[in-house]
Amino acid sequence: MMENAAPPRHMTGSDWARWAVPGLVWGMSFFFIAEALDAFPAAVITPLRVGLGFLTLSLVPATRRTRIEAADRWRIALLGIIWMAIPLSLFPFAEQHVSSSVTGMLNGATPIFVTIVAASMARKVPHARQLTGLLIGLGGVVLIALPAGSGKNSLTGIVMIFVALAFYGFALNVAVPLQQKYGALPVLWRSQAVALVATLPLGLTKVGDIHFTWKAMLAMIGLGVLGTALAYVMMTDNAGRLGSPRASASVYLIPVVSLLLGALVRDEHVAVLSVLGCAVALVGAWLASRHPG
4 MMENAAPPRH
14 MTGSDWARWA
24 VPGLVWGMSF
34 FFIAEALDAF
44 PAAVITPLRV
54 GLGFLTLSLV
64 PATRRTRIEA
74 ADRWRIALLG
84 IIWMAIPLSL
94 FPFAEQHVSS
104 SVTGMLNGAT
114 PIFVTIVAAS
124 MARKVPHARQ
134 LTGLLIGLGG
144 VVLIALPAGS
154 GKNSLTGIVM
164 IFVALAFYGF
174 ALNVAVPLQQ
184 KYGALPVLWR
194 SQAVALVATL
204 PLGLTKVGDI
214 HFTWKAMLAM
224 IGLGVLGTAL
234 AYVMMTDNAG
244 RLGSPRASAS
254 VYLIPVVSLL
264 LGALVRDEHV
274 AVLSVLGCAV
284 ALVGAWLASR
294 HPG
């Protein structure tokens with residue numbers, strides 16, 4: 004997902020702290036969504052989130068200076084829909100039906116969906132270790148979803164999350180070549196501009212349903228400024244400092260952080276089976292995202 008690759012080196016305490024930031028922030032995103040839903044309609048959260056992220060990234064000069072070739076502009080526009088507008092819209096609606104902790108735990112399966120889509124697009128069977136990881140990971144996803152999906156209302160949220168992860172699977176396979184060519188932040192910034200245009204009309208129809216509180220607004224600022232902008236900046240910088248594979252491994256913190264915040268801060272009930280499934284899914288996701296060699 005990042006364009007730079009630094010040679011492996013010994014990581015200092017400062018390196019570990021920087022490494023953890025993106026995973027911690029993205030893990031908090033589902034908590035922020037739950038907090039924001041107390042005051043903002045689901046349809047408003049996505050354009051507000053994307054708008055805050057877009058404005059924050061606009062302050063980074065490198066995002067604006069890169070010239071995108073005409074042949075790639077439609078791909079970036081597509082990313083704005085399948086990477087940003089659709090999945091980021093689905094998560095707030097899903098969290099009206101399931102807890103933030105379950106949403107975050109299921110997001111730990113993103114590498115599994117990316118691997119499945121990549122294999123389908125290449126019309127190539129995954130190698131043995133990836134295939135093992137896919138089977139383990141999908142088993143973990145089932146364990147997470149089983150307790151959470153009991154009841155029609157909860158099942159609706161689970162299905163929304165799976166649809167969002169499927170879009171992530173396609174989007175990240177489209178995004179990687181573009182990010183390698185132009186850099187991660189220029190592609191992200193332009194995709195966010197498209198997503199903002201796509202999600203704003205529906206959001207505007209729900210502005211009258213906002214019941215403003217500063218607590219929810221602070222959650223939105225955390226979601227937009229931190230989760231939709233600065234975490235990406237940090238991840239890109241980490242890729243240059245630590246190497247892409249090592250930097251991207253921080254995403255495995257997402258379900259852990261989401262689980263802890265949901266259970267300890269929002270007092271969400273989390274089934275033991277779901278926690279076990281989270282651990283299984285993470286192992287599967289790690290295996291599925293490894294390359295042979």
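Add 3 to a position in the sequence shown, counting from 1, and you land on the number used in this note's numbering.
All residues carry an ideal CB built from backbone N, CA and C; glycine is no exception.
Source: prediction; values computed, not measured.
Assign residue i to one of two classes, buried (16 or more other C-beta atoms within 10 Å of its C-beta) or exposed (fewer than that).
i	result
P204	exposed
P64	exposed
H100	buried
V190	buried
W19	exposed
E72	exposed
V260	buried
W217	exposed
F215	exposed
R68	exposed
G111	buried
L175	buried
L262	buried
L285	buried
R76	exposed
Quick one: Cα of residue i to Cα of residue j, how far?
i	j	result
G16	A131	35 angstroms
A125	I36	35 angstroms
Y171	L149	22 angstroms
E3	Q183	No information on residue 3 is available, as it lies outside the stretch 4 to 296 that the chain covers here.
A80	V228	22 angstroms
T113	S292	10 angstroms
L267	R70	46 angstroms
P246	P25	For the record, residue 246 in the displayed sequence is Gly; it is not Pro. Each residue's alpha carbon lies about 15 angstroms from the other.
L264	V275	16 angstroms
S277	S194	33 angstroms
Y185	K209	36 angstroms
A288	A74	33 angstroms
I85	V273	30 angstroms
L221	K127	45 angstroms
A242	P258	21 angstroms
L207	Q133	44 angstroms
C281	I161	14 angstroms
F94	S157	13 angstroms
V179	M237	17 angstroms
A8	G211	Low per-residue confidence applies at A8: pLDDT is 45, beneath 50, and the placement is therefore not dependable enough to give any value.
E98	V166	14 angstroms
Within the present structure, is the beta-carbon of residue i separated from the nearest heavy atom of the ligand ATP by less than 7 angstroms?
i	result
G227	As for the ligand ATP, it is missing from this structure, which has no ligand bound.
Below 8 angstroms CB to CB, which residues in the same chain sit around residue i once its five sequence neighbours on both sides are set aside?
i	result
V283	I139, G140, G142, G143 and L146
A23	S253 and L256
F116	L168, A169, Y171 and G172
G230	V28, W29, M31, S32, F35, R52 and G56
A196	F57 and G83
M223	F35, A39, F43, I48, L51, R52 and L55
A234	V24, P25, V28 and W29
Counting only the same chain and skipping the five closest in sequence on each side, list residues whose C-beta sits under 6 angstroms from that of residue i.
i	result
A88	A198, A201 and T202
L91	T49
A122	P129
T66	L60, L188, P189 and W192
G136	G287, L290 and A291
G225	F35
A232	G56, T59 and L60
To the nearest whole angstrom, what separates the beta carbons of residue i and residue j, a pair I think is in contact under 8 angstroms?
i	j	result
R244	S103	At roughly 31 angstroms, the Cβ-Cβ gap does not stay under 8 angstroms, so R244 and S103 are not in contact.
L109	L188	Going by Cβ atoms, the distance from L109 to L188 rounds to 27 angstroms, so no, they are not a contact pair.
Grab me the residues of residue i's own chain with a C-beta within less than 7 angstroms of its C-beta, minus the 5 sequence neighbours each way, in chain order.
i	result
R78	V177 and L181
A42	I213, H214, F215, T216 and A219
F96	A45 and M163
L279	L146
T118	P129, Q133, L137, A291 and S292
Inside the stretch 147-193 only - alpha helix (DSSP H) runs reaching at least 4 residues: Runs of the alpha helix (DSSP H) lying entirely within the stretch 147-193 and spanning at least 4 residues, in chain order: 155-185.
What alpha helix (DSSP H) runs, 4 residues minimum, are completely inside the stretch 230-255? Restricting attention to alpha helix (DSSP H) runs no shorter than 4 residues, the stretch 230-255 encloses them at 234-245 and 247-251, ordered along the chain.
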